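Colleague: Residue numbers (the UniProt record's numbering): 1 to 178.
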Amino acid sequence: MLGNWHNLPLCDDKTIRICQAMKLDAYDRKILAALQRDGRLSNVQLADEIGLSASPCLRRVRMLEEAGVIRGYQANLDRDEVGLGLTVFVGVKVERHNDEQAEAFRLAVTALPEVISAFLVSGESDFLLQVVVPDLRGYDRFLTERLLKLPGVSDIRSNFAIHTVKTPGALPLGHLPL
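(1) Residue ranges of each beta strand (DSSP E) run of no fewer than 3 residues wholly in the region 97-142, ordered along the chain?
(2) On the CB-based measure, 16 or more other CB atoms within 10 Å of its CB, does residue 53 come out buried or exposed?
(3) What does the Cβ neighbour count give for residue 7, buried or exposed, with the cut at 16 atoms within 10 Å?
(4) Ignore the nearest five residues each way along the sequence and tell me which others in residue 110's own chain have a CB closer than 8 Å to its CB.
(5) Specify the secondary structure class of residue 5 as computed by DSSP and reduced to three states.
(6) Residue 61: which of 84, 87, 81, 30 sits nearest, CA to CA?
(7) Among the residues of its own chain, which have a CB less than 8 Å from the CB of residue 159, if the five just before and after it don't count?
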């Protein structure tokens, strides 16, 4: 497994400083919950929904964006409707030689559009990837032409999703202040 995996950079120093200095309050929680439900709300609609005037609401949204709490806005697409009918969870072991190899793998995997999420994990694998492709032939191409060519890969275990029970959705915010 990896040596000093905890030293791999996950976010930049500026984001860390802003997040540590920032204390989320009830308005921030309401903003986050509302935008998770509908990221297309106008600032005026959002302000009305959470009980603030438009100007302070916009300031808060911008602060949450700058701090990296809000990382972007995107459409939620139906994978089947866009021809990505196969989801594969891939456990990857990285050679033990050094942390540079693990970092090289981490950077390389972030450039693969088929990888929609990637995690550094404990257990049998070093990384767990969620991969979406059109079909089994597409996964074979992805595996042989791309993933196996990444630096430091020593073992791969693939688990194919049979049926999607729950897709990623809104994050739970119950632990934040009211």
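Think of the CB as a built atom: it goes at the ideal place given N, C-alpha and C, for glycine as much as any other residue.
On a predicted model such as this, the values are computed, not experimentally measured, just so you know.
Modeller: In brief:
(1) Here the runs fully enclosed are 115-120, 127-133.
(2) Here residue 53 corresponds to residue number 53 of the sequence shown, with the count starting at 1. Only exposed fits residue 53, as fewer than 16 other CB atoms lie within 10 angstroms of its CB.
(3) In the sequence shown, the residue the question calls residue 7 occupies position 7. With a pLDDT of only 45 at residue 7, under 50, the local geometry of the prediction cannot be trusted, and the value read off the model is given with reservation. With fewer than 16 other Cβ atoms from the protein chains shown falling within 10 Å of its own Cβ, residue 7 counts as exposed.
(4) In the sequence shown, counting from the first residue as 1, residue 110 sits at position 110. Cβ neighbours of residue 110 within its own chain (closer than 8 Å, five residues either side excluded): 118.
(5) Mapped onto the sequence shown, residue 5 falls at position 5. With a pLDDT of only 42 at residue 5, under the threshold of 50, the placement of this residue in the model should not be trusted, and no figure is reported.
(6) As a working mapping, residue 61 is identified with position 61 in the sequence shown. Per the Cα distances, 30.
(7) Taking the sequence shown and counting its residues from 1, the one referred to as residue 159 is at position 159. Excluding sequence neighbours, residue 159 sits near 88, 89, 90, 91.
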